Ligand code: THU
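Laid out in structure tokens, this is it:
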């Protein structure tokens, strides 16, 4: 996939962020990704009165991935409540690895980086089949 419009992807993430449910942290997050068939999918964080049960925005994104037809993630961005590019948390890098692998491209404050640089020596599905 060439000529990816990262600005449009960021706008989709900001739109999702506007629907976040983050009354406890006060820290809304939105994410958006391209799928290998051209779909754009999004997610927002959804917290819970039982704090530890809160769902990161990436949880919603991978759920939408499957609920809208599956496929592989190719490009991903994440924004905070000001709409600024945010790095995904460690657990969510693992979620992304499952469905995008090492070549998934992430927009980060340090530029566009492959997931292999954000999650080096990742554990993944391939380990379970060895
Ligand atoms: N959060 C996400 O949704 N994704 C991330 O990658 C970073 C953190 C959320 C979880 C929690 O609702 C809030 O940000 C503060 O940690």
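Numbering (full-length UniProt numbering), first residue to last: 1 to 130. Cβ atoms here follow ideal geometry from the backbone N, Cα and C, with glycine treated the same way. Just so you know, these numbers come straight off a predicted model, no measurement behind them.
**Message:** Just verifying my parser: in three-state terms, what is the DSSP assignment at residue 85?
**Reply:** strand
**Item:** residue 45 Cβ short of 7 Å to the ligand THU heavy atom set
**Value:** yes
**Cβ-based burial, residue 49 [other Cβ within 10 Å; buried from 16]** = exposed
**Prompt:** In the DSSP assignment, what residue or residues form a beta bridge with residue 75?
**Reply:** 34 and 105
**Request:** Out of 43, 24, 3 and 15, point me to the one whose CA is closest to residue 88's CA.
**Result:** 43
**Prompt:** Pairing CB atoms from the region 25-38 with CB atoms from the region 74-88, are three or more of them under 8 Å?
**Reply:** yes
**Message:** If you reduce the DSSP assignment to three classes, tell me which class residue 46 lands in.
**Reply:** strand
**Asked** Below 8 Å, can you find three or more Cβ-Cβ pairs linking the region 6-18 to the region 62-74?
**Response** no
**Request:** Report the rounded CA-to-CA distance for residue 54 versus residue 130, giving the unit in angstroms.
**Result:** 33 Å
**Asked** Considering residue 115, what are the terminal residues of the alpha helix (DSSP H) in which it resides?
**Response** 115-118
**Prompt:** If you run the structure through DSSP and keep just helix, strand and coil, what is residue 24?
**Reply:** coil
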